[in-house]
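Here's the structure we're looking at; comments come further down.
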Amino acid sequence: MIIRRDLKALLNQFAQYELCFGNKFYINPAGYNIKSTGFTINGFNDVAYITDVPNKTASGNLDGSNMGTLSVVTKNNKG
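For the sequence shown, the numbering used here begins at 374 and goes up steadily by one.
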């Protein structure tokens, strides 16, 4: 499924965006269930993306919390 939401960027100031969904997402251990299109950040050379990263234990397994964080990643390092 593809969901689109156009956001207006706020330049040179803090911004917070919230994504609310009524249904639970399947948690892929690798993450990347939620992905933005690429965008640029002033002073940063790579194209950046917003994606989800699930919480994991030190051994790399899902921690059972069904939680994670949204992170800014690049294609080169995925983090």
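For glycine and all other residues, C-beta sits at the position ideal for the given N, C-alpha and C.
Would you kindly check if the distance between the Cβ of residue j and the Cβ of residue i is under 8 Å?
i	j	result
Asp-419	Asn-439	no
Thr-430	Gly-404	no
Phe-412	Asn-406	no
State the Cα-Cα distance for the pair residue i and residue j, rounded to the nearest angstrom.
i	j	result
Gly-395	Pro-427	19 Å
Pro-402	Leu-435	6 Å
Leu-443	Tyr-422	10 Å
Gly-452	Gln-386	Bear in mind that a pLDDT of 48 at Gly-452, under 50, signals an unreliable position, so the model cannot answer this.
Ile-375	Val-446	20 Å
Pick helix, strand or coil for residue i, following the three-state DSSP scheme.
i	result
Ala-486	The chain is shown only over 374 to 452; residue 486 falls outside these bounds and no answer can be derived.
Lys-361	Residue 361 cannot be examined here, being either before or after the span of the chain that is shown, 374 to 452.
Pro-427	strand
Thr-442	strand
Leu-435	strand
Per DSSP, residue i is paired with what?
i	result
Thr-447	Ala-421
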